[in-house]
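Chemist:
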Amino acid sequence: MIELSKQYNPKETEDTWYKYWEEKGYFSAQPDPGKKPFCIVIPPPNVTGILHMGHALNNTIQDILIRYHRMKGDSSLWMPGTDHAGIATQNVVEKAIAKEGLKRQDLGREKFVERVWQWKEQYGSTIIRQLKKLGASCDWERTRFTMDEEYSKAVITVFIELWDKGLIYQGHKVINWCPRCQTALSDEEAPHHDLQGNLYYLKYPFKDNPDEFITVATTRPETMLGDTAVAVNPRDRRYKKYIGRVLALPLVNRGIKIIADDMVDKRFGTGAVKVTPAHDPNDYAMGTKHGLEFVNVMRPDGRMNEKAGDYRDMDRFEAREVIIEDLKEKGLLEKIEPHQLSAGHCYRCHTIIEPYLSKQWFVKMAPLAKPAIEAVKKGKITFHPRRWTKVYLSWMENIQDWCISRQIWWGHRLPVYYCKSCRKQANEFTVDSSQFTEKEKKDKENRGVIVAAAMPEKCPVCGSTEISQEEDVLDTWFSSWLWPFAAFYWPDDSSPQRRKDLEYFYPTAVLVTAPEIIFFWVARMIMAGLEFKKDLPFKDVYLHGTVRDREGKKMSKSLGNVIDPLEIINEYGTDALRFSLISITAQGQDVFLSKERFEQGRNFCNKIWNASRFILMNLDQAVIAADLPADKNDPDMISRWVLSRFYSALKEVSRDLETFKFNEAANQLYSFFWHEFCDWYLELIKQDIKNPRVQAVMRHVLDNFLRAAHPFMPFITEELWQRVKDTGLPVPQVTGEAIGESIMVSSWPKERKDLIDKKIEGKMSGIFELINVIRNMRSELEVPLHETVNVKICTGDKTKIGLYRKLAPQIQTLAKVHDLHIMPQYVQARGEFVTVLSGAHIVITFTGEADAQKFRQKMGQKIVKTESEIRSKETALANDNFVKRAPAEVVEKERARLQELKGTLIKLKAVRDGLA
RNA sequence: GGGUGCAUGGCUCAGUUGGUUAGAGCGCCACAUUCACAUUGUGGAGGUCAGAGGUUCAACUCCUCUUGCGCCCACCA
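In this note's numbering, the protein residues as written are 0 to 915.
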């Protein structure tokens, strides 16, 4: 006899069990040649991260997979770690020191980076602690950080390898520049958002005739200060005659040529476009092509520089206003039209990106993409859901070179060194000197550049010792893309253990992440895996939806619409959070969340708790399990039914987990446990609870259910299972299952096809239907519960008579019937209320009053419904095509159903006529 | 501009390869409290599965188009 409180209290159990698992070392996984490897690498959260619902969903899914595979006996490793998140972390620490009135420049690079490390030591494990609250069963001893010394080695190795292969180059290009973070960004880091802006029509007068103009349209008038040409389409009749003439750039009074280029769209604006090669990627291309000058008019902080003359030091948007005013004054502003445009935004601080000409480092991506495209096309990697394959492929097939240098301090510094004296010669090179060939440019640019793992003592070319390291650091994603193997200490193979780990666990099994991250991370990991490890990083990619609020907006702190998972854990418990999240996440569909959602999970936990409480309260210690009705002729129908139902559900759950249908697995567990096990089974056996067989069966189902539910709800299942275990579980030698000290190291329930019996399920459904009909009639007849009701079941079907007789006590209890008679014939009598169920008359009598009129009405409705169903079946069966073409079993089923309906109809009518 | 997802009872959503009596949770209505659980139980109301056309013996499910909403990508000055 075990006593449990009336309600499940998660707070009393969660931390205790988590500590227990950790102390026992259950999370640790080692290479085991006797087992299958199953490895997931965590999408490393930012060290600055705080657990949000996206993390909660992402990590719950991974934990389910890991716990499931661990229970199935695979050597299951969930590899944890955090990402140094260059810009994000630098921003956080900059904010922190700002409270002391400091800027990073005040501290200097070395001191500042030191402060970031301090910050990391102090706060960097917050997210890890929070993941533990979530129940994540990562092998924490392996926790890695993308700036660990050894991890950095991998990053440097990769950089050098790509350089040697000629896949890394430095170049002057117009890139995405964030004036607030003051760094370059990759295209992926500068997502476009729509803006409501203006299209400004500016008049540029001719140099030789100030009364004559060409009007150009622009959305960024401040860049006009850097214009070095105006371009028109060569086939544009309006402008053909002007090509080659010179305009006087207003405000600056510089002469700029009118050039012709096919890129110009005749229909847009005026058909004449100002060309600013230093501030626009298109204009840059045109500038290169036409040998234009590149005039950069802005400083890195987004203010105008000395080239901007009077506008110097103004912020770019302020300059925009002033320039427009000035042009207006000079009569050079034709008009302003409202214009919808889209512009890149910094993904860290949301500042509008400035396309900006600067020297950066790039990776040539096309050669890396090729094998990664092949791998996916050949099905070596599968995306779930499938549709993301197309997204991946179309991005990969149009891949652009990757800008990997960042002008920040926190990150992996490029392993690039410059020889001062060799560099001097290189500086003769200027970007607008188009007279050089590509190769010459490259040679000049690379003069004095030394790429090496460590700072060289002297220049290998000239022997100079005046050597300095490149100031830039690498894009954070340039380290993340190595995660699946660098986390295993690649390329360091100094220790046999490390080598073994990498060999055993790589390639990993599944990557679980959000679709937003396909380009940033997933695609690049595939490329890196193939390039550096010569093997794919994973076989499956599961992409779950984005967690949004109930209006469909992304949850974000700035919108104030976040639901904090820790608050939910505090209020409802971790298992409730996990279960609710999973059960509403249909494959790859976004999740619209509101707080009430978590009540369902909490209620389910409580249901499990109380059902277990009931079972444990009633279990006699002496019962020995293993006494299950394995024989299909066993007369114990109820046991056979519940076992069959459990093992059917289990089969579905396993299948759903294998195919990443987590919500369906969760719902399967939910509806089995609540609506079959609790609503029917426990009610059916209550009167027979002392029966050892009943006890064995109910404990067996509970034990196995808890194990199947464990990956989803680790804490409550452990808490209860420990108590079930204390009452004596089946002997492992008999069942072939492992029963450990903890549920998490015990076996996933063994499939028992021998216990699945659809016939018994059908028979029991008949019983449930009968009970429902009686309950339903009581309710229709408005019989109060305390009123005594007697029921006769009359059917000519001998099998059914046997069945009903056998389960008569259960029918009586569940349908609250006083006297129950089962008899072969029905004779109509006065004062009886009758309905028909699959060939049987169900007759109810009771002493009180009932509204016979209402009952007759209900019966009339039933007759109408039956008739219409009969008609539709008859039409179908009268159709030759249907009978000939549909599968025989479908036709047979329809025939049988029609027969039954016809029988029911006759009886219903007879009953109605008899009543009248 | 290209791609993609979604439209199913009052709300939020499930629905596997086309074959049911179209499901769930919440909400609503009625009844039930010495029973493991009111974080409960029992019964009920509520849906022409966005619209139009097509394929098929059979369409919520497949195809085309339309409408509305959402997301992603894009060198729309």
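All C-beta atoms, glycine included, are put in the ideal place defined by N, C-alpha and C.
If you're wondering where the values come from, they're calculated on a predicted model, not measured in any experiment.
Going by DSSP, which residues form a beta bridge with Y203?
Modeler: DSSP, once it has assigned bridges, lists I213 as partnering Y203.
Chemist: Please classify Q667 as buried or exposed, where buried requires at least 16 other C-beta atoms within 10 Å of its C-beta.
Modeler: Classification for Q667: buried.
Chemist: If you count every other CB in all the chains shown that lies within 10 Å of the CB of A365, and 16 or more means buried, which is it?
Modeler: Under this definition A365 is an exposed residue.
Chemist: What do you get for A84, buried or exposed, if any count of 16 or more other CB atoms within 10 angstroms of its CB means buried?
Modeler: The residue is buried, with at least 16 neighbouring Cβ atoms inside 10 Å.
Chemist: Once you ignore the five residues that flank G795 on each side, which residues in its own chain have a CB closer than 8 Å to its CB?
Modeler: Counting only Cβ-Cβ distances below 8 Å, and skipping sequence neighbours, we find P823, Q824, G838.
Chemist: For W401, which residues from the same chain have a beta carbon less than 7 Å from its beta carbon, with the 5 sequence-adjacent residues on both sides left out?
Modeler: For W401, where only same-chain residues beyond five positions count, the Cβ hits under 7 Å are S185, F361, V362, M364.
Chemist: Please state the DSSP three-state secondary structure of L876.
Modeler: If DSSP states are grouped into helix, strand and coil, L876 belongs with the helices.
Chemist: Could you give the DSSP three-state label for N771: helix, strand or coil?
Modeler: Three-state DSSP puts N771 in a helix.
Chemist: Beta-carbon separation of F854 and E760 under 8 Å?
Modeler: Contact: no.
Chemist: Could you tell me the distance, in whole angstroms, from the CA atom of I126 to the CA atom of P43?
Modeler: So the alpha carbons of these two residues sit roughly 10 Å apart.
Chemist: Assign E353 to buried or exposed, taking buried as 16 or more other Cβ atoms, counted over all protein chains shown, within 10 Å of its Cβ.
Modeler: It counts as buried.
Chemist: Compare the beta carbon distance of N252 and H338 with 8 Å and say whether it is the shorter of the two.
Modeler: Not in contact: N252 and H338 (Cβ atoms no closer than 8 Å).
Chemist: Do R66 and M743 count as a contact pair if the criterion is CB distance below 8 Å?
Modeler: A contact, by the Cβ cut-off of 8 Å.
Chemist: Would the beta-carbon of G544 fall within 8 Å of that of G587?
Modeler: Yes; because the gap between Cβ atoms is below 8 Å, this pair is in contact.
Chemist: Excluding five sequence neighbours on each side, which residues of the same chain lie with their C-beta closer than 6 Å to the C-beta of M697?
Modeler: Result list for M697: I614, in chain order.
Chemist: Mind checking whether P459 and I449 have CB atoms under 8 Å apart?
Modeler: Yes; because the gap between Cβ atoms is below 8 Å, this pair is in contact.
Chemist: Threshold first: 4 residues or longer. Then list the alpha helix (DSSP H) segments lying entirely within the region 316-343, N to C.
Modeler: Correct list: empty.
Chemist: If you scan the region 531-582 from start to end, which runs of the alpha helix (DSSP H) of 4 or more residues do you find wholly inside it?
Modeler: With a minimum length of 4 residues, the continuous alpha helix (DSSP H) runs that stay inside the region 531-582 are 564-571, 573-582.
Chemist: In chain order, what are the residue ranges of uninterrupted alpha helix (DSSP H) at least 4 long that sit wholly in the region 484-509?
Modeler: Counting only runs of 4 or more, we get 495-504.
Chemist: Does the distance from the C-beta atom of M524 to that of A368 stay below 8 Å?
Modeler: Not in contact: M524 and A368 (Cβ atoms no closer than 8 Å).
Chemist: If you follow the beta strand (DSSP E) that M808 is in, where does it begin and where does it stop?
Modeler: Strictly speaking, residue 808 in this sequence is Pro, with Met absent from that position. Per DSSP, P808 belongs to no beta strand (DSSP E); it is in the alpha helix (DSSP H), 807-813.
Chemist: Have a look at the DSSP bridge pairing and note the partners of M78.
Modeler: M78 is bridged to V40.
Chemist: Please classify S404 as buried or exposed, where buried requires at least 16 neighbouring CB atoms within 10 angstroms.
Modeler: S404 comes out buried.
Chemist: So for D725, helix, strand or coil by DSSP?
Modeler: Correct three-state label for D725: helix.
Chemist: Given that a residue counts as buried once 16 or more other Cβ atoms are within 10 Å of its Cβ, and exposed if not, what is K791?
Modeler: By the neighbour-count rule (16 or more Cβ atoms within 10 Å), K791 is buried.
Chemist: State the start and end residues of the unbroken alpha helix (DSSP H) segment that holds S467.
Modeler: Taken as a continuous stretch (DSSP letters only), S467 belongs to no alpha helix (DSSP H), being part of the beta strand (DSSP E) at 466-468.
Chemist: Kindly identify the DSSP beta-bridge partner or partners of A183.
Modeler: Per DSSP, W176.
Chemist: Does DSSP put C421 in a helix, in a strand, or in coil?
Modeler: It is helical.
Chemist: Using the C-alpha atoms, what's the distance from E657 back to W747?
Modeler: Approximately 13 Å, taken between the alpha carbons.
Chemist: Quick check: the Cα distance between I607 and F672, rounded to an integer number of angstroms?
Modeler: Using only the alpha carbons, I get a separation of about 8 Å.
Chemist: Which residues does DSSP pair with K791 in a beta bridge?
Modeler: DSSP lists H820, V842 as partners of K791.
Chemist: Suppose you measure from the CA of L806 to the CA of D818; what does that come to, to the nearest Å?
Modeler: Going from the Cα of L806 to the Cα of D818 covers about 14 Å.
Chemist: For P974 and S75, I'd like the C-alpha separation in whole angstroms.
Modeler: Because the chain spans 0 through 915 in this model, residue 974 falls outside it and cannot be assessed.
Chemist: Smallest Cα separation from E781: which of D850, L719, K329, T716?
Modeler: Cα-wise, what sits closest to E781 is D850.
Chemist: Suppose you measure from the CA of T59 to the CA of V92; what does that come to, to the nearest Å?
Modeler: One C-alpha to the other measures close to 30 Å.
Chemist: What residue from P414, R446, K438 has the CA that sits closest to R422's CA?
Modeler: When only C-alpha atoms are compared, the closest one is R446.
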